[in-house]
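Reviewing the structure listed below.
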Ligand SMILES: Cc1cc2ncn([C@H]3O[C@H](COP(=O)(O)O)[C@@H](O)[C@H]3O)c2cc1C
Ligand SMILES: O=C(O)c1cccnc1
């Protein structure tokens, strides 16, 4: 089990149980008996132990039915000039996800994952689709430089929606969830939430998002500073989410909590997903036990959040897309880690001689 860290929020452990330490220890001992030098599979060994701890059994089940939940929302703070892209792109990309033409659509097909798209507050009315779930409480968040992104009640409802979605997916046989996002401007609220929950200054957690120049970056940092000054010192994580976050960040936080509820792994993506993960871990620190960081996004806020959560990302590919792309790409590694424990021969069984001690 991870050493307790200062998560920067006043939260206490819930009734939910964390990972099973005995299963985790069994997986570590099991790894020492497999036909390879001890520790030679590196991070895959830690991942295997984490999966055993999540499932409560060694070897852990190999995830067969992954689902990627892509939550979408539009942001009032776009009016401050924090992104070069027009707001309409959010709805257009949701249509692209559903038509199968986006990066996440391709990567999901490659790794054999289902994609579920959640409308958590897209500005324009979306055409109904069987893979689109509408949980929006309002269309477009408030401009965080001037007002709260969401009412507290709406933030809570969106978190609950993400949480309930994972329960439903699990009931249908989904055994691993991954998180993704779509929302023009959403690297701004994500950096604001990360600054508030890690205590780092906005300049240290703010990046170029979809591609802004130095002048726009300076403006983006200033907008986040103003937002933090407006909302005041962070109190509880749900309030931080409501003040500075957004609908997709709320649903992602709920997905992470939902994975804890049904005890399955949740692979998280880049800076938006990590803002949601910080909120989830603030609401219930036990949730962090079930989180696997898919990758290290180029956005500096992602690294800040990973460090705060004590998570080591599986991939580091200079990705800066979102949509769940870095989480999707990590799914085969998660499967491999479980499969190694399930299928590799032990020294005894294979008749391989063990290391001789000099
Ligand atoms: C065509 C396109 C597809 C995307 N897919 C994900 N994002 C990513 O970029 C956006 C955040 O960056 P910023 O804060 O700079 O606006 C989010 O929608 C995120 O999911 C996209 C952005 C665009 C333009
Ligand atoms: O970290 C991410 O996922 C990210 C980075 C830039 C733009 N959109 C998403």
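Numbering (the working numbering), first residue to last: 25 to 382.
Every residue, glycine too, gets a C-beta built ideally from N, C-alpha and C.
> Going by the CB atoms, is the gap between residue 73 and residue 284 shorter than 8 Å?
Replying inline: As a first step, residue 284 must be located in the chain shown, where it is residue number 260. As a first step, residue 73 must be located in the chain shown, where it is residue number 49. Cβ distance not < 8 Å, so residue 284 and residue 73 don't count as in contact.
> In whole angstroms, what separates the C-alpha of residue 197 from that of residue 172?
Replying inline: As a position in the chain shown, residue 197 is number 173, starting the count at 1. As a position in the chain shown, residue 172 is number 148, starting the count at 1. So the alpha carbons of these two residues sit roughly 37 Å apart.
> What residues match up with residue 140 in a beta bridge as DSSP calls it?
Replying inline: Locating residue 140 in the chain shown gives position 116, where the first residue counts as 1. Assignment of beta-bridge partners to residue 140 by DSSP yields 93.
>> Here's the rule I'm using: 16 or more other beta-carbon atoms within 10 Å means buried, otherwise exposed. How should residue 233 be labelled?
In response: Translated into positions along the chain shown, residue 233 becomes position 209. It counts as buried.
> Once you ignore the five residues that flank residue 374 on each side, which residues in its own chain have a CB closer than 6 Å to its CB?
Replying inline: Within the chain shown, numbered from 1, the residue matching residue 374 stands at position 350. Within the same chain, residue 374 has close Cβ partners 59.
> Can you tell me the Cα-Cα spacing of residue 70 and residue 250, whole angstroms?
Replying inline: For this step, residue 70 is matched to residue 46 along the chain shown. For this step, residue 250 is matched to residue 226 along the chain shown. Looking at the two C-alpha atoms, the distance is approximately 41 Å.
>> When you compare the CB positions of residue 357 and residue 302, do they come within less than 8 Å of one another, or not?
In response: What you label residue 357 is simply residue 333 of the chain shown in a count that begins at 1. What you label residue 302 is simply residue 278 of the chain shown in a count that begins at 1. It is not a contact, given that the beta carbons lie outside the stated cut-off.
> Does the beta-carbon of residue 154 have 16 or more other beta-carbons within 10 angstroms, so that it is buried, or is it exposed?
Replying inline: Numbered from 1 along the chain shown, position 130 holds the residue referred to as residue 154. Answer is exposed; the Cβ neighbour count stays below 16.
> What residues sit near ligand 1, counting only those whose C-beta is closer than 6 Å to one of its heavy atoms, in chain order?
Replying inline: 107, 109, 113, 117, 205, 206, 207, 208, 209, 210, 211, 212, 233, 234, 345, 346, 347
> For residue 368, which of helix, strand or coil comes out of DSSP?
Replying inline: Here residue 368 corresponds to residue number 344 of the chain shown, with the count starting at 1. Coil, per DSSP.
> Grouping DSSP H, G and I as helix and E and B as strand, with all else coil, what is residue 39?
Replying inline: For the purposes of this step, residue 39 is taken as residue 15 along the chain shown, with counting starting at 1. Coil, per DSSP.
>> Could you pull the DSSP bridge partners for residue 206 from this structure?
In response: Locating residue 206 in the chain shown gives position 182, where the first residue counts as 1. Note: residue 206 sits in a beta bridge opposite 96.
>> With three or more beta-carbon pairs closer than 8 Å as the criterion, would you say the stretch 243 to 260 touches the stretch 284 to 296?
In response: no
> Does the distance from the CB of residue 366 to the CB of residue 83 come in under 8 Å?
Replying inline: In the chain shown, the residue the question calls residue 366 occupies position 342. In the chain shown, the residue the question calls residue 83 occupies position 59. Cβ distance < 8 Å, so residue 366 and residue 83 count as in contact.
>> Measuring only the C-alpha atoms, how far is residue 277 from residue 219?
In response: By one-based count along the chain shown, residue 277 stands at place 253. By one-based count along the chain shown, residue 219 stands at place 195. Taking the Cα positions, residue 277 is about 16 Å away from residue 219.
>> Would you say the beta carbon of residue 294 is closer than 7 Å to some non-hydrogen atom of ligand 2?
In response: Position 270 of the chain shown holds residue 294. Because some heavy atom of ligand 2 lies under 7 Å away, the Cβ of residue 294 counts as near it: yes.
> According to DSSP, is residue 158 helix, strand or coil?
Replying inline: Locating residue 158 in the chain shown gives position 134, where the first residue counts as 1. Reduced to three states, the DSSP call for residue 158 is strand.
> If we ignore side chains and look at the alpha-carbon of each, how far apart do residue 139 and residue 320 end up?
Replying inline: One-based indexing of the chain shown puts residue 139 at position 115. One-based indexing of the chain shown puts residue 320 at position 296. Going from the Cα of residue 139 to the Cα of residue 320 covers about 22 Å.
> Taking Cβ to Cβ, would you say residue 128 is nearer than 8 Å to residue 347?
Replying inline: Here residue 128 is taken as the residue at index 104 of the chain shown, counted from 1. Here residue 347 is taken as the residue at index 323 of the chain shown, counted from 1. Yes.
> How long is the line joining the alpha carbons of residue 46 and residue 340, rounded to whole angstroms?
Replying inline: Here residue 46 refers to the residue found at position 22 when the chain shown is read from its first residue. Here residue 340 refers to the residue found at position 316 when the chain shown is read from its first residue. In a straight line, the C-alpha of residue 46 is about 31 Å away from that of residue 340.
> Within 7 Å: the Cβ of residue 326 and any heavy atom of ligand 4?
Replying inline: Looking for ligand 4 in the displayed structure turns up nothing; the ligands present are ligand 1 and ligand 2.
>> To the nearest angstrom, how far is the alpha carbon of residue 206 from that of residue 237?
In response: The residue given as residue 206 occupies position 182 in the chain shown. The residue given as residue 237 occupies position 213 in the chain shown. Between residue 206 and residue 237, the C-alpha separation is close to 22 Å.
> At which residues does the beta strand (DSSP E) containing residue 315 begin and terminate?
Replying inline: On the chain shown, position 291 is the one that residue 315 refers to. Residue 315 -> beta strand (DSSP E) spans 315 to 317.
> Is it buried or exposed for residue 53, if we count other Cβ within 10 angstroms and need 16 for buried?
Replying inline: As a first step, residue 53 is located in the chain shown; it is residue number 29 there, counting from the start. Exposed, by the Cβ-count rule.
> Span of the alpha helix (DSSP H) holding residue 279?
Replying inline: Here residue 279 corresponds to residue number 255 of the chain shown, with the count starting at 1. Taken as a continuous stretch (DSSP letters only), the alpha helix (DSSP H) holding residue 279 covers 271 to 286.
> For the alpha helix (DSSP H) that residue 295 lies in, which residues bound it at each end?
Replying inline: Your numbering for residue 295 matches position 271 in the chain shown. It spans 295 to 307 - the alpha helix (DSSP H) in which residue 295 sits, taken as one unbroken run.
>> Suppose contacts are defined by Cβ-Cβ distances below 8 Å. Is residue 203 in contact with residue 349 by that definition?
In response: For the purposes of this step, residue 203 is taken as the residue at position 179 of the chain shown. For the purposes of this step, residue 349 is taken as the residue at position 325 of the chain shown. No, the Cβ-Cβ distance between residue 203 and residue 349 is not below 8 Å.
> What three-state label does DSSP hand residue 130 in the structure shown?
Replying inline: As a first step, residue 130 is located in the chain shown; it is residue number 106 there, counting from the start. Note: residue 130 maps to helix in three-state DSSP.
> Do you know offhand how far residue 246's Cα is from residue 103's?
Replying inline: Walking along the chain shown from the start, residue 246 turns up at place 222. Walking along the chain shown from the start, residue 103 turns up at place 79. Using only the alpha carbons, I get a separation of about 14 Å.
>> Could you check whether the Cβ of residue 272 sits closer than 7 Å to any heavy atom belonging to ligand 2?
In response: In the chain shown, residue 272 corresponds to position 248, counting from 1. The nearest non-hydrogen atom of ligand 2 is 7 Å or more from the C-beta of residue 272.
>> Which residue marks the beginning of the alpha helix (DSSP H) containing residue 247, and which one marks its end?
In response: Stepping through the chain shown from its first residue, residue 247 is reached at position 223. That run of the alpha helix (DSSP H) goes 238 to 255.
>> Between residue 310 and residue 42, how many whole angstroms is the CB-CB distance? I'm expecting something under 8 Å.
In response: If you number the chain shown from 1, residue 310 lands on position 286. If you number the chain shown from 1, residue 42 lands on position 18. So it is a contact: roughly 5 Å between Cβ atoms.
> Got a sec, what are the start and stop residues for the beta strand (DSSP E) residue 292 sits in?
Replying inline: As a working mapping, residue 292 is identified with position 268 in the chain shown. Note, residue 292: beta strand (DSSP E), 290 to 292.
> Whose C-beta lies closer than 6 Å to the C-beta of residue 313 among residues of the same chain, with five residues either side of it excluded?
Replying inline: As a first step, residue 313 must be located in the chain shown, where it is residue number 289. Here the set comprises 42, 43.
> I think residue 355 touches residue 137, with their Cβ atoms under 8 Å apart; what is that distance to the nearest whole Å?
Replying inline: On the chain shown, position 331 is the one that residue 355 refers to. On the chain shown, position 113 is the one that residue 137 refers to. Yes, they are in contact, since the Cβ atoms of residue 355 and residue 137 sit about 6 Å apart, within 8 Å.
> Which ranges would you report for the alpha helix (DSSP H) in the stretch 49 to 128 if only whole runs of at least 4 residues count?
Replying inline: 67 to 79, 112 to 123
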